[in-house]
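Working notes for the structure below.
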Amino acid sequence: MILYLFLAAIIYDFFVFQVLNSHISLIFSIMIGLLLVSYFYFKRNLRDSEKLLILFIITVWFVFQISLIGSVEYQYQYVVEDYKQEYADTIDTGNYTALSASWLLAEKYCNGMDITYGQKGVTLPNRALSGTPISIMLLGVNPCLAIYFSDFTSRNKLIFLQNAGNCGEFARAIAIMLEDASSMNTRVIKMEGADHEFPEVYYEGEWWVFDKTYTTSISPVRARDYATHLEDRYNYLHHSIANLKVANEEISVLEEHGFDASNVTISALFDTISYSEPDTPLSYAEIKVYAITYTRDSIVFTGKTDVNGKCNLILNGDKEYVIVGNYDMYNGIKIVNTLPSKDELVILLLC
Numbered sequence: 001m002i003l004y005l006f007l008a009a010i011i012y013d014f015f016v017f018q019v020l021n022s023h024i025s026l027i028f029s030i031m032i033g034l035l036l037v038s039y040f041y042f043k044r045n046l047r048d049s050e051k052l053l054i055l056f057i058i059t060v061w062f063v064f065q066i067s068l069i070g071s072v073e074y075q076y077q078y079v080v081e082d083y084k085q086e087y088a089d090t091i092d093t094g095n096y097t098a099l100s101a102s103w104l105l106a107e108k109y110c111n112g113m114d115i116t117y118g119q120k121g122v123t124l125p126n127r128a129l130s131g132t133p134i135s136i137m138l139l140g141v142n143p144c145l146a147i148y149f150s151d152f153t154s155r156n157k158l159i160f161l162q163n164a165g166n167c168g169e170f171a172r173a174i175a176i177m178l179e180d181a182s183s184m185n186t187r188v189i190k191m192e193g194a195d196h197e198f199p200e201v202y203y204e205g206e207w208w209v210f211d212k213t214y215t216t217s218i219s220p221v222r223a224r225d226y227a228t229h230l231e232d233r234y235n236y237l238h239h240s241i242a243n244l245k246v247a248n249e250e251i252s253v254l255e256e257h258g259f260d261a262s263n264v265t266i267s268a269l270f271d272t273i274s275y276s277e278p279d280t281p282l283s284y285a286e287i288k289v290y291a292i293t294y295t296r297d298s299i300v301f302t303g304k305t306d307v308n309g310k311c312n313l314i315l316n317g318d319k320e321y322v323i324v325g326n327y328d329m330y331n332g333i334k335i336v337n338t339l340p341s342k343d344e345l346v347i348l349l350l351c
């Protein structure tokens with residue numbers, strides 16, 4: 001049974017990582033496996049065919065993982081060196097700033113990227129790592145790969161090399177490439193209320209939006225001007241945004257981008273249905289917030305209340321939201337219209 005899992009893991013690795021020329025890594029791993037088996041057969045006089053088969057499969061399984069990791073690191077450094085040289089050559093002309101030279105690199109990558117919006121049956125390596133329970137299980141049978149790709153930087157290198165995907169893949173590929181090629185600070189911003197992500201570059205004390213695939217396709221825009229930019233050119237998207245967060249950090253940067261942010265405190269209470277008894281705070285109640293106006297992403301917050309029955313979040317002001325609470329058998333729902341740039345307390349009664 002264990003051998004079948006090892007074989008399944010090898011096959012999984014081969015198909016998922018074809019973008020890395022996995023056939024070369026597999027051939028190399030098979031050669032190492034055959035050499036090791038030959039050593040034990042001829043030098044150690046091991047004649048047990050079952051043990052030799054187990055040794056061969058385990059060797060291929062292990063070496064294949066290490067080879068794929070080495071392939072990611074080597075290919076990434078090799079390709080980024082070209083971008084780094086192009087960036088240096090562009091700066092040396094004296095006609096470009098660090099910002100405009102970085103934008104040229106983003107354009108170059110975008111022009112060569114296979115955008116997969118709306119395409120069916122497309123398997124992206126980064127998503128195959130954790131897209132289904134089966135892929136998660138198979139990745140678990142590849143401990144070296146699992147440890148390696150648990151680091152966001154390593155996963156972003158794979159995304160950069162696969163050169164395919166949607167806005168999320170583009171954002172992460174550009175963020176890591178520009179950080180290494182131009183030594184500029186970068187980050188990825190995730191929209192709540194709209195299914196979209198984009199990269200940003202820090203230049204001369206300001207963040208700049210590098211959303212080449214969608215909202216800033218012509219030139220970068222200052223982060224503080226982004227809300228106005230969207231209102232002028234992408235009005236529906238502007239009204240869909242409930243929050244902007246730094247990816248993997250859950251830090252709201254809504255105000256940094258020119259939006260009116262509201263600090264909202266949700267207080268979940270058990271409705272005693274009695275004027276003589278106070279409503280009881282519900283600790284660790286599940287809270288979900290839905291945007292009434294949205295673009296392919298209606299859920300804008302998921303969390304739990306603290307020990308005092310409260311949870312805090314930041315939302316784009318002057319928008320309507322549906323707040324849903326759940327605690328065991330108790331449920332509550334409330335529609336609210338948050339005011340811009342205000343501290344708001346929302347009482348959510350569960351019964």
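So for the sequence shown, UniProt numbering puts the first residue at 1; every next one is plus one.
Idealized CB from N, CA, C, for every residue including glycine.
Do residue j and residue i have their beta-carbon atoms positioned less than 8 Å apart in this structure?
i: Phe301; j: Val289; result: yes
i: Gly317; j: Asp225; result: no
i: Leu68; j: Leu145; result: yes
i: Leu313; j: Thr338; result: no
i: His257; j: Ala223; result: yes
i: residue 368; j: Cys311; result: Here the chain has residues from 1 to 351 only, and residue 368 is not among them.
i: Ala242; j: Lys319; result: yes
i: Gly165; j: Thr116; result: yes
i: Ala247; j: Glu200; result: no
i: Ala285; j: Asn235; result: no
i: Ser22; j: Val63; result: no
i: Tyr294; j: Ser240; result: yes
i: Val16; j: Pro133; result: no
i: Asn163; j: Asp114; result: yes
i: Ala268; j: Met184; result: no
i: Asp297; j: Ala181; result: no
i: Trp61; j: Ile136; result: no
i: Leu244; j: Leu254; result: yes
i: Ser130; j: Leu139; result: yes
Taking the alpha helix (DSSP H) that residue i falls in, what are its first and last residues?
i: Phe152; result: 152-162
i: Met184; result: That residue, Met184, is in no alpha helix (DSSP H); it is neither H nor E in DSSP.
i: Ile149; result: First, the amino acid is wrong: residue 149 is Phe here, not Ile. Taken as a continuous stretch (DSSP letters only), the alpha helix (DSSP H) holding Phe149 covers 143-149.
i: Asp13; result: 2-16
i: Asn243; result: No alpha helix (DSSP H) holds Asn243; the beta strand (DSSP E) holding it covers 243-246.
i: Glu344; result: From DSSP, Glu344 is part of no alpha helix (DSSP H) but of the beta strand (DSSP E) over 343-350.
i: Tyr236; result: 235-240
i: Val37; result: 22-38
i: Asn126; result: 125-128
i: residue 401; result: Because the chain is modelled from 1 through 351, residue 401 falls outside the range shown and cannot be assessed.
Residue i lies in the beta strand (DSSP E); which residues open and close that run?
i: Lys84; result: Here Lys84 belongs to no beta strand (DSSP E); instead the alpha helix (DSSP H) covers 49-92.
i: Lys319; result: 319-327
i: Gly309; result: Taken as a continuous stretch (DSSP letters only), Gly309 belongs to no beta strand (DSSP E), as it is neither H nor E.
i: Lys334; result: 330-338
i: Lys43; result: Looking at the DSSP string, Lys43 is not in any beta strand (DSSP E), and its letter there is neither H nor E.
In the DSSP output, which residue or residues are listed as bridge partners for residue i?
i: Ala261; result: Asn316
i: Cys167; result: Per DSSP, none; premise fails for Cys167.
i: Tyr202; result: Trp207
i: Lys288; result: Thr302, Val324
i: Ile115; result: Gly165
i: Ala194; result: Thr295
i: Val221; result: Val209
i: Thr280; result: Phe270
Using only CA atoms, which one of the options lies nearest to residue i?
i: Ile299; options: Ile323, Leu178, Ser154; result: Ile323
i: Leu282; options: Thr293, Asp306, Val264; result: Asp306
i: Ile347; options: Thr265, Leu53, Phe14; result: Thr265
i: Asp328; options: Cys351, Tyr117, Asp180; result: Cys351
i: Phe56; options: Val19, Leu7, Pro143, Glu255; result: Leu7
i: Tyr203; options: Ser341, Asp232, Leu178; result: Leu178
i: Glu250; options: Phe17, Leu139, Glu192, His239; result: Glu192
i: Asp343; options: Phe28, Asn263, Asn126, Ala181; result: Asn263
i: Pro143; options: Ala268, Asp151, Gln65, Ser267; result: Gln65
i: Phe170; options: Lys108, Met137, Thr93, Ile147; result: Lys108
i: Leu53; options: Phe152, Asn111, Asp180, Leu34; result: Leu34
i: Val72; options: Val19, Phe42, Thr59, Met31; result: Val19
i: Tyr74; options: Leu161, Thr215, Val141, His229; result: Leu161
i: Ile58; options: Lys212, Leu345, Val141; result: Val141
i: Phe149; options: Asp13, Asn331, Tyr330; result: Asp13
i: Lys84; options: Thr272, Ile24, Ala128, Ile174; result: Ile174
i: Gly112; options: Asn331, Leu237, Thr213; result: Thr213
i: Asp279; options: Leu349, Cys110, Ile91; result: Leu349
- [ ] For the region 94-103 and the region 199-214, state whether three or more C-beta atom pairs, one from each stretch, are separated by less than 8 Å.
- [x] yes
- [ ] Take every Cβ of the region 176-189, pair it with every Cβ of the region 149-161, and state whether three or more of those distances are shorter than 8 Å.
- [x] yes
Task: Three or more C-beta pairs below 8 Å linking the region 75-86 and the region 30-38 - done: no
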